[in-house]
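Please read the structure below before turning to the comments.
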């Protein structure tokens with residue numbers, strides 16, 4: 001194969017083929033590039049797919065993540081007649097004119113987009129306004145709004161007409177894309193123009209996509225979270241699963257859980273400071289059943305004063321679980337400090353994290369909190385996971401307070417029953433050698449000199465007694481009749497030690 005060699009001037013030389021790790025075969029390139037094209041629901045492989053394949057296949061090669069942009073329509077156009085293909089190419093050209101950033105081409109581009117005009121959708125189900133929000137092009141966003149772009153248009157969920165729609169972006173709006181990419185001026189502009197702060201969510205409907213506040217909380221963007229909260233975003237809204245199954249009536253992974261799961265402590269505190277919204281007094285059947293299941297809960301009084309407080313308590317319990325699972329124990333302690341009760345699992349995960357991080361004061365705080373866990377929480381996990389963890393902490397800790405706290409927990413787990421007497425199993429010590437042979441000059445083969453006095457012993461016996469004796473005797477061959485001097489032990493102690501051996 002021909003390769004370029006560095007130098008001045010550059011040289012072209014012939015070299016042996018490189019191994020697979022340096023130069024993968026063509027089929028491997030095709031496989032990886034097709035995987036990237038399939039992931040974005042595209043009918044064709046473009047140059048960025050090849051760059052992403054090079055990032056995976058070639059050592060030391062890197063490239064930026066793929067940007068959300070217009071895809072080529074050459075492959076899809078082969079399935080259409082001449083008129084439809086012409087309209088498709090015109091629409092593709094119109095989208096490209098709008099994505100180039102030239103605000104003076106907006107009118108010409110709109111005329112090419114088709115009957116829907118400025119609100120036409122690409123094969124990815126996105127409008128020109130959404131693409132402008134992705135890029136953070138504030139001037140283009142303003143021009144599109146002035147031209148009549150729909151602020152609250154959603155990414156479609158029907159893959160038949162728009163085959164390249166990614167499932168994760170369904171029902172997203174322009175505001176959602178702007179929040180996702182952290183373009184605060186664009187978000188401000190959209191909200192001022194009247195964009196819905198909850199995205200595609202209608203009042204009272206179930207939410208099957210992430211709200212802008214959920215995305216901002218997950219990213220830890222404090223400024224965006226503050227802006228959305230000021231405009232009325234609800235941190236209690238979660239995302240329902242596609243099959244409609246969810247742990248709570250409002251969905252899972254709300255903004256509290258998103259911030260807690262990613263360890264954004266300042267964002268979580270901002271969400272916590274947001275006053276609760278008053279809701280309708282009409283209860284759904286699911287909420288009625290949830291109300292009945294909570295009668296036995298021993299939740300703190302400040303969080304159980306109203307129906308809204310019970311919903312907030314459920315949301316904070318979920319956030320506490322996610323923070324403990326992801327190892328953000330400081331967020332977990334913050335949630336506990338406002339009165340959210342421990343579950344055994346969250347307490348154990350927090351204790352495990354504190355132990356792994358060697359945070360002794362936090363371990364003491366968590367051990368002190370064990371008594372606040374309800375006995376109904378004592379499950380098999382306490383025996384299989386909790387006790388081994390606490391024993392490991394006891395073995396590794398040299399802190400008297402931690403040892404006493406663990407002793408109290410072990411006593412509590414054992415119960416009020418008396419501890420049975422432990423019978424010591426005494427083993428009869430058998431001598432390895434008759435004491436008559438010890439310190440006997442006639443029967444010894446090695447002599448030690450301790451405090452100027454000789455002590456006679458047996459090499460074979462001491463050689464297997466300990467590694468220290470083995471190393472000491474190995475330095476002196478058996479034929480050497482000189483003394484082995486022991487200068488750091490007194491004679492009576494050395495004598496007693498040899499008697500024990």
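Numbering (our numbering), first residue to last: 1 to 501. By construction, the Cβ of each residue, glycine as well, lies at the ideal position given by its N, Cα and C atoms. Predicted model only: the values in this text are computed from it and were never measured.
Rounded C-alpha distance that separates residue i from residue j
| i | j | result |
| --- | --- | --- |
| residue 233 | residue 212 | 8 angstroms |
| residue 408 | residue 343 | 19 angstroms |
| residue 30 | residue 164 | 20 angstroms |
| residue 127 | residue 180 | 16 angstroms |
| residue 69 | residue 92 | 11 angstroms |
| residue 315 | residue 390 | 29 angstroms |
| residue 403 | residue 394 | 6 angstroms |
| residue 125 | residue 349 | 42 angstroms |
| residue 191 | residue 374 | 46 angstroms |
| residue 255 | residue 85 | 44 angstroms |
| residue 239 | residue 412 | 41 angstroms |
| residue 451 | residue 474 | 22 angstroms |
| residue 319 | residue 89 | 48 angstroms |
| residue 347 | residue 317 | 12 angstroms |
| residue 188 | residue 131 | 17 angstroms |
| residue 380 | residue 28 | 48 angstroms |
| residue 129 | residue 362 | 49 angstroms |
| residue 399 | residue 174 | 56 angstroms |
| residue 111 | residue 276 | 47 angstroms |
| residue 405 | residue 368 | 7 angstroms |
| residue 353 | residue 491 | 52 angstroms |
| residue 333 | residue 63 | 40 angstroms |
| residue 250 | residue 417 | Residue confidence for residue 250 is low, a pLDDT of 47 falling below 50, so the modelled location carries little weight and cannot support an answer. |
| residue 382 | residue 376 | 12 angstroms |
| residue 227 | residue 168 | 24 angstroms |
Minimum C-alpha distance to residue i - residue among the options
| i | options | result |
| --- | --- | --- |
| residue 465 | 445, 450, 497 | 497 |
| residue 449 | 111, 494, 463, 321 | 494 |
| residue 443 | 453, 461, 269 | 461 |
| residue 156 | 170, 144, 99 | 170 |
| residue 438 | 423, 420, 459, 424 | 459 |
| residue 121 | 150, 313, 364 | 150 |
| residue 152 | 178, 419, 311, 110 | 178 |
| residue 142 | 392, 104, 220, 123 | 104 |
| residue 253 | 45, 231, 396, 215 | 215 |
| residue 358 | 340, 396, 369 | 396 |
| residue 183 | 221, 468, 123 | 221 |
| residue 506 | 441, 453, 114 | The first residue shown for the chain is 1 and the last is 501, placing residue 506 beyond what the model contains. |
| residue 340 | 309, 328, 168, 360 | 309 |
Cβ-Cβ distance between residue i and residue j below 7 angstroms
| i | j | result |
| --- | --- | --- |
| residue 39 | residue 49 | no |
| residue 331 | residue 337 | no |
| residue 25 | residue 57 | no |
| residue 146 | residue 101 | no |
| residue 267 | residue 311 | no |
| residue 186 | residue 133 | yes |
| residue 401 | residue 364 | yes |
| residue 509 | residue 351 | Nothing about residue 509 can be read from this structure; the chain reaches only from 1 to 501. |
| residue 82 | residue 94 | no |
| residue 54 | residue 33 | no |
| residue 440 | residue 414 | no |
| residue 162 | residue 123 | yes |
| residue 258 | residue 229 | no |
**Request:** Please determine if the region 211 to 231 and the region 193 to 200 are in contact, where contact requires at least 3 C-beta pairs separated by less than 8 angstroms.
**Result:** yes
**Runs of alpha helix (DSSP H) wholly within the region 295 to 366 (minimum 4 residues, chain order)** = 307 to 325, 329 to 337, 344 to 356
**Asked** Which runs of the beta strand (DSSP E) fall wholly inside the region 433 to 465 and span at least 3 residues, in chain order?
**Response** 446 to 450, 453 to 457
**Prompt:** Which ranges does the alpha helix (DSSP H) cover as unbroken runs of at least 4 residues, wholly within the region 33 to 93, from first to last along the chain?
**Reply:** 47 to 57, 74 to 77
**Request:** Note down, one range per segment and in chain order, each alpha helix (DSSP H) of at least 4 residues found wholly within the region 93 to 135.
**Result:** 106 to 112, 128 to 135
**Item:** Complete alpha helix (DSSP H) runs within the region 189 to 244 (minimum length 4 residues, chain order)
**Value:** 212 to 219, 222 to 230
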